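Same order as they appear, the protein sequences are chains A, B and C.
Residues in the first sequence are numbered from 578 upward in steps of one, following our numbering.
Residues in the second sequence are numbered from 578 upward in steps of one, following our numbering.
Residues in the third sequence are numbered from 578 upward in steps of one, following our numbering.
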Amino acid sequence: MLSIEDNNLLTQTGPDTPMGDLFRRFWLPVALSREVGTFDKGPTKVNVLGEKLIAFRNKDLSIGLVDSMCPHRLANLYWGRNEGDGLRCVYHGWKFDKDGNCLEQPAESEQTCFKEHVKLRAYPAREAAGVIWAYMGPEDKQPAFPEFEFALVPEDHTYSSKRLQLCNWLQNLEGELDTAHVQQLHAHEVVEGSMIALAPRYEIKDTGFGMLMIAKREGQDGTAHEGKINWRMTPYIMPAGTLIPQTPDRPQHLTFAVPVDDTNMLGFTVSWRANRPMDDADMKRFEEDDILHLRVDPKTFLPLANIHNDYLIDRASQATETMTGIAGLRMQDVAVQEDMGGPIAQRHREKLGSTDLAIVMMRRKLLSTLKAMQNGEEPSHPSDSAAFKCRSVFAEESATKTWQEVFLAAQPEGSVISLDA
Amino acid sequence: MLSIEDNNLLTQTGPDTPMGDLFRRFWLPVALSREVGTFDKGPTKVNVLGEKLIAFRNKDLSIGLVDSMCPHRLANLYWGRNEGDGLRCVYHGWKFDKDGNCLEQPAESEQTCFKEHVKLRAYPAREAAGVIWAYMGPEDKQPAFPEFEFALVPEDHTYSSKRLQLCNWLQNLEGELDTAHVQQLHAHEVVEGSMIALAPRYEIKDTGFGMLMIAKREGQDGTAHEGKINWRMTPYIMPAGTLIPQTPDRPQHLTFAVPVDDTNMLGFTVSWRANRPMDDADMKRFEEDDILHLRVDPKTFLPLANIHNDYLIDRASQATETMTGIAGLRMQDVAVQEDMGGPIAQRHREKLGSTDLAIVMMRRKLLSTLKAMQNGEEPSHPSDSAAFKCRSVFAEESATKTWQEVFLAAQPEGSVISLDA
Amino acid sequence: MLSIEDNNLLTQTGPDTPMGDLFRRFWLPVALSREVGTFDKGPTKVNVLGEKLIAFRNKDLSIGLVDSMCPHRLANLYWGRNEGDGLRCVYHGWKFDKDGNCLEQPAESEQTCFKEHVKLRAYPAREAAGVIWAYMGPEDKQPAFPEFEFALVPEDHTYSSKRLQLCNWLQNLEGELDTAHVQQLHAHEVVEGSMIALAPRYEIKDTGFGMLMIAKREGQDGTAHEGKINWRMTPYIMPAGTLIPQTPDRPQHLTFAVPVDDTNMLGFTVSWRANRPMDDADMKRFEEDDILHLRVDPKTFLPLANIHNDYLIDRASQATETMTGIAGLRMQDVAVQEDMGGPIAQRHREKLGSTDLAIVMMRRKLLSTLKAMQNGEEPSHPSDSAAFKCRSVFAEESATKTWQEVFLAAQPEGSVISLDA
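This is how it looks when you write it as structure tokens:
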């Protein structure tokens, strides 16, 4: 359980909230590249961290990400005209570039230099793996863009998606770190290659990028061969990312929760293959099943199965086949996460068990980081952006190897992960 | 009129409110048996008194009524799996019986006895006349289940329904006690057998079960024969039930208002015949007219005619035929009750007349009961549950009889109603 | 910019707010005559200034405009029965005339004279140009009905419409006074006869009815011939009306913003010809284009193009043809006005330029009037109602004439406008 006060601290992420400030120290996924499209498409609404933003593409392919309110008389720039080198407010024709500079004010005299006193809030934006990433924090604290492995491979080695999830961001992150639910919630329908049987022993380690959750299963229960250990290692990438444990032959997957506001979030999933393009079987799996990526309404990004249709629950299937009667592993996660006593769980009412260790540790890490920030300390952020070049682990290895050896052996070339952080 | 403070007292019924505590001293109708269905149907949402509950049936036909939040991490038990002897939370597989005991925690070690420290909030539930009744108050104050006459006859002697009404519960109860509106609101379409003509003289008496409202009409105006008195007696059963006056040859009807929250309520109507099953004519009347029972949407229980379609009002019919242009006596009641300056009437703005006596007396009785409870006194509750075995009266009797004689003569065998309470 | 406090002052108009009091000193358009219809149509809901009212027509063609709550037990009089000489509440049959007197109380004794102590809130209502106008202020401060020119011509010389606009009233009024946006927002689609080219020089003058905004363009830029001046004069009629500048051969148009509540408003447009009926071309323009009058849903008065369908924006047309991609000048106004950082602009965030002068002056005039009222001074209101008999100006005149000469020459006969107020 958390105190009401600590729960508020972790769940509130608007401007000028402590957790909001922490989110704003990292590059965050905020939209899909295909949403923003080419420069002749209109502007795109991007609502994150309680802010209403507008994304647009320039002719030089760069991305603008700016406040939705024109600084003149606050008209919505969503109605704006994308002129390829800037966005023009339709009300009085003021035009701004992607850095927020005011380029034109047609009805004002040039002599007053009024436009030099006008600035539109603008955030740096980058693209990687078909996702637009933004840094929304103070200019002087902007970190280098993280060298995620998927940001370094060709785009056809990747597949990304976004969904709107109707709950606070933390409920999703907790689910991603929660190994114990897999055998229950997803009974009879677990991700191929990631099947696990019994409750493991856990260890949680601090790392440069966040934490590493290590689940260890030994041979006696049939989950590993004699003399071997079955390892499942989940990197938690601050503030809200996780890598789903996968065997080396399968794609890796990053999941990332970004708050829209305190009761809605965007769930991004980035899948990648290190060494080859996605093939037809990969794409079919991503686009037709609700296992990793969800089928969503193309306008709202709300999943087709959602709270309004009871996630298309099939009570007969629930009685005889699956735990939930809800199709698709990711859909099952969304269903339980969206209502934990409402969209913001009142964590002072919880009764946590021994399997909730990773959740407890993650909350503690965030709370101690927030406390440090309130004392003027910056959150630890790897100085070398290659520290984000990491993979999850799902493997059976000789019992003579330590978890450090197993983890580091699975990492991509050029990774500089420190396990002593 | 009521002071703003007293109005708040009577209209707020959530947990830890005075009126909420009063409701929680009585057995209340909370759902229909046919909603909950058999054990292989999924759980059913039951939202009453500001609480979100889940009902489910066991294989032994008993009913579970429990908090919707799993005590572990607050997942909604509506997604739960009904296993016939308990409900399993799908998130981590914790299983609970109808008394709220935790039976299983698959991922926790048996040795810690953790499950013995976990309890799901659960309320006693009973069935009578196709309705599920619950007691939601403190365990040590639980009264015996009331011996309503309909709870003692075979189920085919009864017919029950439920509707969602979009207003505070008190607006409905006031309407049930308001004799004066019958000739106006329902002009040209009143319940057969209950027709009354002119404003009567009233008396209101305290009784063990609540109050008895007595309307007396004498012969001179043609409503009764020479030397006779026309009596119409409405029992008000604390906290929110009334019996509609009916002649002995027709079914009796209990109506009961149960708050969902402060701006929504469930209206239950239980009809019964003491001595024989309902016949086809009865059923046709209940299922096709909107006189006593309403046609509702089977999922939401919102009446088919409702505020969103202006109750299907027919202004031409209103101009020439009926007072309201709205079809169905019960529907007319709902239409005026749902908007009395909004869903919660601001009773400090009222101008009550002489015909509002029963409403005034009922409010006073509730307020004095609340005040007594705040001083540590329990609300008076008949020690003998046969005190609830009562009928309404609609009859013409010799003027030589007192109201007590008339009332008691109409009561069923075994009734122990005290008129001196 | 405005302080947060001043912004609240100007945007809040419910009962007992300063700006609400100011609105209540004037006759206001509140509904269309065709909405209320004939006496055998049911009552009509009229929601203005945070009050819920009911309009109905009597057999003598007069209009009743009364509180929606019956004073007895607050039932909604919208369900009431219009009996041609008053409205009867359907709950208990109390009947009221258009002045709020209680005519009947069927279930109460005549002897108590109870009905003489009961009064329904009622406001004086008048009709002009197919619009119902009401005075909602204190009885002793009621001004004469303004002699707008459209109120004096035959009804077939007029055309009126109403739209629901989803924002605070002030955003609309500011748009009406904002000359500078015309060349931008409406680029390539401006009202015929009102075309203007470059930013003008402004003057703003106080007048008896409010303010006169004078835009002056001289010959050198091609907007006027040698030795001539192009004048565009917009009367602002307190508290929320404006006349759109028009050449003498075209109809004049009044626009008027009336708050429903603080985030919704009704926009009335009254068009009139002084000397002849509207012709087919006029009607076609009013009913088919979205230039002055909008096509709206007949029940809700929400425009067919609205925020829920992105105003039917055509991004391709925006890229190549018009500034907005939204069809219809009035529709373009609505689109930008409805979202200026939300339905209530936070004016402390604005950056006003030199072309926003008229907006600044109007705000100042309202604020100083509010301050005066708080000191017990009444808002200045012309003692002669012919002061409202005025027209806008759109004309080219000899440079030797003063603006006063030009304005007064354009006014209708009988006008008594003082330019020294």
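Cβ coordinates follow ideal geometry from the N, Cα and C atoms, glycine included.
A quick note: this is a predicted structure, and the numbers were derived from the prediction, not measured.
Handout entry: Burial state of B/LEU985, where buried means 16 or more other Cβ atoms lie within 10 Å
Key = Counted from its first residue, the second sequence places residue 985 of chain B at position 408. So B/LEU985 counts as exposed.
Exercise for the section: Step through the CB atoms of chain D and report whether any lies within less than 7 Å of the CB of B/GLU685. Expected result: Absent from the structure: chain D. Protein chains present are A, B and C.
Exercise for the section: Put B/GLN981 into one of helix, strand or coil per three-state DSSP. Expected result: Within the second sequence, the letter at position 404 stands for residue 981 of chain B. In this structure, B/GLN981 counts as helix in the three-state DSSP scheme.
Handout entry: Cβ pair C/SER737, C/ALA702 closer than 7 Å
Key = In the third sequence, counting from the first residue as 1, residue 737 of chain C sits at position 160. In the third sequence, counting from the first residue as 1, residue 702 of chain C sits at position 125. Not in contact: C/SER737 and C/ALA702 (Cβ atoms no closer than 7 Å).
Handout entry: B/GLU660, enclosing alpha helix (DSSP H) - first and last residue
Key = Locating residue 660 of chain B in the second sequence gives position 83, where the first residue counts as 1. No alpha helix (DSSP H) contains B/GLU660, which DSSP labels as neither H nor E.
Handout entry: Rounded separation between C/TRP849 and C/ILE994 - CA only
Key = As a working mapping, residue 849 of chain C is identified with position 272 in the third sequence. As a working mapping, residue 994 of chain C is identified with position 417 in the third sequence. Those two C-alpha atoms are separated by around 19 Å.
Practice task
Could you check the C-alpha separation between C/ILE581 and C/ARG926 for me, to the nearest Å?
Solution key: Against the third sequence, residue 581 of chain C aligns to sequence position 4. Against the third sequence, residue 926 of chain C aligns to sequence position 349. If I take the Cα positions, the gap works out to 9 Å.
Problem - C/CYS744 and C/GLU915 closer than 7 Å at C-beta - result: One-based indexing of the third sequence puts residue 744 of chain C at position 167. One-based indexing of the third sequence puts residue 915 of chain C at position 338. The Cβ atoms of C/CYS744 and C/GLU915 sit closer than 7 Å to each other.
Practice task
Can you grab the Cα-Cα spacing for the pair B/TRP1028 / B/MET842, in whole Å?
Solution key: Outside the displayed span of chain B (578 to 998) sits residue 1028 of chain B, for which this structure offers no information.
Problem - Whole-Å CB distance - B/LYS739 paired with B/PHE845, under 8 Å assumed - result: As a first step, residue 739 of chain B must be located in the second sequence, where it is residue number 162. As a first step, residue 845 of chain B must be located in the second sequence, where it is residue number 268. With a Cβ gap of about 5 Å, B/LYS739 and B/PHE845 count as contacting.
Problem - Minimum C-alpha distance to C/LEU654 - residue among C/ASP755, C/ALA851 and C/PHE673 - result: The residue labelled residue 654 of chain C in the question sits at position 77 within the third sequence. It is C/PHE673.
Exercise for the section: Mind checking who A/LEU881 pairs with in its DSSP beta bridge? Expected result: Within the first sequence, numbered from 1, the residue matching residue 881 of chain A stands at position 304. According to DSSP, A/LEU881 bridges with nothing at all.
Handout entry: 7 Å Cβ cut-off: residues of chain C touching B/LEU762
Key = Counted from its first residue, the second sequence places residue 762 of chain B at position 185. Result: VAL667 and TYR668.
Handout entry: C/PRO595 in three-state terms, based on DSSP
Key = Translated into the one-based positions of the third sequence, residue 595 of chain C becomes position 18. Secondary structure of C/PRO595 (DSSP, three-state): helix.
Problem - Beta carbon proximity, C/THR811 to chain A, threshold 7 Å - result: Taking the first residue of the third sequence as position 1, residue 811 of chain C is located at position 234. Answer no: the Cβ-Cβ gap between C/THR811 and chain A never drops below 7 Å.
Practice task
Please name the residue in B/LEU697, B/ALA817 and B/GLY591 whose C-alpha comes closest to that of B/LEU664.
Solution key: Numbered from its first residue, the second sequence carries residue 664 of chain B at position 87. Ranking the options by Cα distance to B/LEU664, first place goes to B/LEU697.
Practice task
Measure the Cβ-Cβ separation of A/GLY714 and A/ARG634 and say whether it is below 7 Å.
Solution key: What you label residue 714 of chain A is simply residue 137 of the first sequence in a count that begins at 1. What you label residue 634 of chain A is simply residue 57 of the first sequence in a count that begins at 1. No. Outside cutoff.
Exercise for the section: Confirm the yes/no value for this check: CB of C/PRO822, any heavy atom of the ligand GDP, distance under 6 Å. Expected result: What this structure holds is no ligand at all, so the ligand GDP is not there to describe.
Problem - Beta-carbon proximity of A/TYR888 to A/ALA882, cut-off 7 Å - result: Against the first sequence, residue 888 of chain A aligns to sequence position 311. Against the first sequence, residue 882 of chain A aligns to sequence position 305. With a cutoff of 7 Å on beta-carbon distance, A/TYR888 and A/ALA882 are scored as near each other.
Exercise for the section: Would you give the residue range spanned by the alpha helix (DSSP H) that B/ARG907 belongs to? Expected result: Taking the second sequence and counting its residues from 1, one reaches residue 907 of chain B at position 330. That run of the alpha helix (DSSP H) goes 906–915.
Practice task
Say whether chain B places a C-beta atom closer than 7 Å to the C-beta of A/VAL847.
Solution key: On the first sequence, position 270 is the one that residue 847 of chain A refers to. No, A/VAL847 lies away from the interface with chain B (no Cβ there is under 7 Å from its Cβ).
Practice task
Would you kindly report the start and end of the unbroken alpha helix (DSSP H) that includes B/PHE863?
Solution key: Residue numbering aside, residue 863 of chain B sits at position 286 when the second sequence is read from its first letter. Per DSSP, B/PHE863 belongs to the alpha helix (DSSP H) from 857–865.
Exercise for the section: Pull up the distance between the alpha-carbon of A/ILE773 and that of B/HIS669, whole angstroms please. Expected result: Position 196 of the first sequence, counted from the first residue, corresponds to residue 773 of chain A. Position 92 of the second sequence, counted from the first residue, corresponds to residue 669 of chain B. Because A/ILE773 sits at a pLDDT of 47, beneath the cut-off of 50, its placement in the model cannot be relied upon, and the following sentence gives the value as read from the coordinates. Straight-line Cα distance between these residues: approximately 15 Å.
Handout entry: A/ASN653 at chain C interface by Cβ criterion, 7 Å
Key = Sequence index remark: in the first sequence, residue 653 of chain A carries index 76 (1-based). Yes, A/ASN653 lies at the interface with chain C (some Cβ there is under 7 Å from its Cβ).
Exercise for the section: Anything in chain B within Cβ reach of C/GLN682, meaning under 7 Å, just list it in chain order. Expected result: Translated into positions along the third sequence, residue 682 of chain C becomes position 105. The CB of C/GLN682 comes closer than 7 Å to the CB of GLY930 in chain B, given here in chain order.
Practice task
Under 7 Å between beta-carbons, which chain B residues line up against A/HIS758? List them in chain order, please.
Solution key: Taking the first residue of the first sequence as position 1, residue 758 of chain A is located at position 181. Within chain B, the C-beta atoms nearer than 7 Å to that of A/HIS758 come from TYR668 and HIS669, in chain order.
Handout entry: Within chain C, the residues that A/VAL695 reaches when beta carbons sit closer than 8 Å
Key = By one-based count along the first sequence, residue 695 of chain A stands at place 118. Under the 8 Å cutoff, chain C gives LYS928.
Problem - Contacts that C/VAL835 makes with chain A (C-beta to C-beta distance below 7 Å) - result: The residue labelled residue 835 of chain C in the question sits at position 258 within the third sequence. Under the 7 Å cutoff, chain A gives no residues; its nearest Cβ is about 22 Å from C/VAL835.
Handout entry: Rounded separation between A/GLY661 and A/PHE616 - CA only
Key = Mapped onto the first sequence, residue 661 of chain A falls at position 84. Mapped onto the first sequence, residue 616 of chain A falls at position 39. As the crow flies, the alpha-carbon of A/GLY661 is around 6 Å from that of A/PHE616.
Practice task
Drop a sphere of 10 angstroms on the beta-carbon of A/ARG809, count the other beta-carbons inside from all chains shown, and report buried for 16 or more, exposed for fewer.
Solution key: Position 232 of the first sequence, counting from 1, holds the residue named residue 809 of chain A. Buried is the label assigned to A/ARG809, since at least 16 other Cβ atoms lie within 10 Å of its Cβ.
Practice task
Kindly list, in the order they appear in chain C, the residues whose Cβ is closer than 7 Å to that of B/VAL913.
Solution key: Start at 1 with the first residue of the second sequence, and residue 913 of chain B comes out as number 336. Neighbours of B/VAL913 in chain C, taken as residues at a C-beta separation under 7 Å, are given in chain order as ALA652, TRP656, VAL667 and TYR668.
Handout entry: C-beta contact flag for A/GLU751 and A/ILE936 at 7 Å
Key = As a working note, residue 751 of chain A is residue 174 in the first sequence. As a working note, residue 936 of chain A is residue 359 in the first sequence. The answer is yes: Cβ separation under 7 Å.
Problem - Alpha-carbon to alpha-carbon, A/HIS734 and A/ASN852 - result: Translated into the one-based positions of the first sequence, residue 852 of chain A becomes position 275. Translated into the one-based positions of the first sequence, residue 734 of chain A becomes position 157. Put simply, the backbone Cα of A/ASN852 is about 8 Å away from that of A/HIS734.
Exercise for the section: Specify the secondary structure class of C/ASP874 as computed by DSSP and reduced to three states. Expected result: Counting from one through the third sequence, the residue named residue 874 of chain C turns up at place 297. In this structure, C/ASP874 counts as coil in the three-state DSSP scheme.
Problem - Straight-line gap, B/PHE786 to B/THR756 (C-alpha atoms, nearest Å) - result: For the purposes of this step, residue 786 of chain B is identified with residue 209 of the second sequence, where counting begins at 1. For the purposes of this step, residue 756 of chain B is identified with residue 179 of the second sequence, where counting begins at 1. Approximately 20 Å between the Cα atoms of the pair.
Handout entry: Check whether B/PRO620 and B/GLY657 have beta carbons under 7 Å apart
Key = Here the question's residue 620 of chain B lines up with position 43 in the second sequence. Here the question's residue 657 of chain B lines up with position 80 in the second sequence. In this structure, the beta-carbon distance from B/PRO620 to B/GLY657 falls below 7 Å.
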